[in-house]
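Numbering (our numbering), first residue to last: 283 to 802. Every residue, glycine too, gets a C-beta built ideally from N, C-alpha and C. Because the structure is a prediction, the values reported are computed rather than measured.
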């Protein structure tokens, strides 16, 4: 009995297993027990000790990353630009749980459904991490019986994809969505979504970009007139969606060899998906002998014409192209679809790379119309027309980060406007009093946590962190009721009365300053 208890203790087994061990070892000799214990101890030594130092590798999970303060400063700037645009167009914000019932997400993403993260059974509920923000939004509308809203939502989503970190493709990443739900006149809200994409990408200054547009009804009509069986529409659509990554011959091979499409049908599709243009292309296709036979395609082409007329009024037609190769593989799209991409030359220029080394980040925004998604969740089946756009924040951030690394600009990671410093010893109390006055006035201020810091150390801290001003206290300044205000960049100093200090700091600093020039 003692040997069994010792065995349990040595192997780290709970004492609750003691009786079970005794019963299982009945009839076994002490020598046999010692032999088996020795084997187990040897195996345990091979696997590593109790501290686990030989087993544990300190790293982030595959497809995820940490963000340092400089990276977060860039990210915050991007978020502020995007949110400002969403608010400028009248959107309000919501939030939804990071996980949903599995059945909520099932059947909404076509072939990409395999990328959904499923969770273990949680008390009788089968759950999955959200794949995007659109399906949870549709569930939210149906559950709360909302039929009219303009909302934005910025949150993390999760996809069990093969990550490509240099291209901004992760398993955990943010999406920035803007959606308009409600019954409105055709193409007006759709055009505004494209205007929003144009505003954001222009303000972010990522380089030249194009917004490709198409319509799911045009695609379905095209498949029908080209001889694609009805039951293959969605799977062929998913294959066409790969044209931005693969050459036509590879896409055609997949259609014929893997999806079972006839070569004749694939060749006809190839003729159409090579077409690009604007309103003129829509007009030409409306007269096309084959496409005009499809009511679906004709309806989609008429809406594309109307869309371009509104885009002209919104002054964004210079960046928008009607592209029949655009498919977007998600099953819930029912009408107009769009995707924004940076030009290859722009990517190379922004990354400072020659043509053969440019980093391609793919699309940086995408969206479309999904009039039937809310009805899938509503018990009555009531449809709520919706259209929206999602900004690819991670891919945009990859470009912004590389631009920052190549730039001579210094990235500020704080927004401190002034450092409260002292030129002499024993002035900690006075520094704390002054910094408190500044905080009370809403000034972003900082003070060193030392009783008698050297003035040079305080000034160096300001230069390293980009703090633009230093408020310096000394014996003479205290007697005269002034503060010596120093400009860190020019090193100019001026005495400011204590009563005027707050106004002077506000006048000299910008609340939203993020990037400061490097000292030459």
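Within the same chain, and ignoring the five residues on either side of residue 704 in sequence, the residues whose Cβ sits closer than 6 Å to its Cβ are 713 and 755. Look at residue 444 here: in three-state DSSP terms it is coil, with no helix or strand label.
A direct Cα-to-Cα measurement between residue 365 and residue 570 gives close to 42 Å. Contact annotation, residue 453 with residue 413: C-beta distance approximately 11 Å; criterion of less than 8 Å not satisfied. Note that the C-beta distance between residue 503 and residue 573 is below 9 Å. CA-CA distance, residue 782 to residue 699, rounds to 16 Å.
Distance from the CA atom of residue 394 to the CA atom of residue 567, rounded to whole angstroms, is 31 Å. Here residue 496 is buried: its Cβ has 16 or more other Cβ atoms, across all protein chains shown, within 10 Å.
Taking the C-beta atoms as reference points, residue 486 is found no nearer than 9 Å to residue 619. Non-local C-beta neighbours of residue 581 in its own chain, meaning closer than 6 Å and more than five positions away in sequence, comprise 499, ordered along the chain. For residue 417, no beta strand (DSSP E) encloses it; the enclosing alpha helix (DSSP H) starts and ends at 416 to 425. The beta carbon of residue 436 lies closer than 6 Å to those of 458 in the same chain, with the five residues before and after it left out. Check the Cα spacing between residue 419 and each of 724, 670 and 674: the tightest is with 670.
Residue pairing by DSSP puts residue 459 in a beta bridge opposite 435 and 672.
Contact between residue 751 and residue 769 holds: CB atoms are separated by about 6 Å, below the 8 Å threshold. Straight-line spacing of the CA atoms in residue 478 and residue 710 works out to 51 Å. Between residue 373 and residue 434, the C-beta gap is smaller than 9 Å, which places the two residues in contact. Runs of the beta strand (DSSP E) lying entirely within the region 478 to 518, each at least 3 residues long, are 491 to 497 in chain order. Linking residue 693 to residue 352 through their CA atoms gives a straight-line distance of about 6 Å.
The Cβ atoms of residue 777 and residue 759 lie closer than 9 Å to each other. The beta carbon of residue 538 is closer than 8 Å to those of 544, 545 and 548 in its chain, skipping five residues each way along the sequence. In the structure shown, residue 774 adopts coil according to DSSP, grouped into three states. The continuous alpha helix (DSSP H) containing residue 361 extends over residues 351 to 370. Rounded to the nearest angstrom, the gap between the Cα atoms of residue 519 and residue 579 is 15 Å. With a cutoff of 9 Å on beta-carbon distance, residue 675 and residue 357 are scored as near each other.
In the DSSP assignment, residue 730 falls outside any alpha helix (DSSP H), carrying neither H nor E. Between residue 423 and residue 666, the gap from beta carbon to beta carbon is short of 9 Å. If you draw a straight line from the Cα of residue 722 to the Cα of residue 399, it is about 47 Å long.
Distance from residue 655 to residue 604 at the Cβ level is roughly 24 Å; contact not present, criterion being Cβ atoms closer than 8 Å.
Excluding its 5 nearest sequence neighbours in each direction, residue 515 has C-beta neighbours in its own chain below 7 Å: 502 and 505, listed in chain order.
Counting along the chain, the unbroken beta strand (DSSP E) around residue 604 starts and ends at 602 to 605. Spatial neighbours of residue 727 in its own chain (CB-CB distance under 7 Å, excluding positions within 5 residues in sequence) are listed in chain order as 698, 699, 700, 702, 717, 720 and 721.
Look at residue 469 here: in three-state DSSP terms it is coil, with no helix or strand label.
DSSP places residue 571 outside both helix and strand once states are collapsed to three, so it counts as coil. A straight line joining the alpha-carbon of residue 591 with that of residue 508 spans about 29 Å. Per DSSP, the beta bridge partners of residue 619 are 496 and 650.
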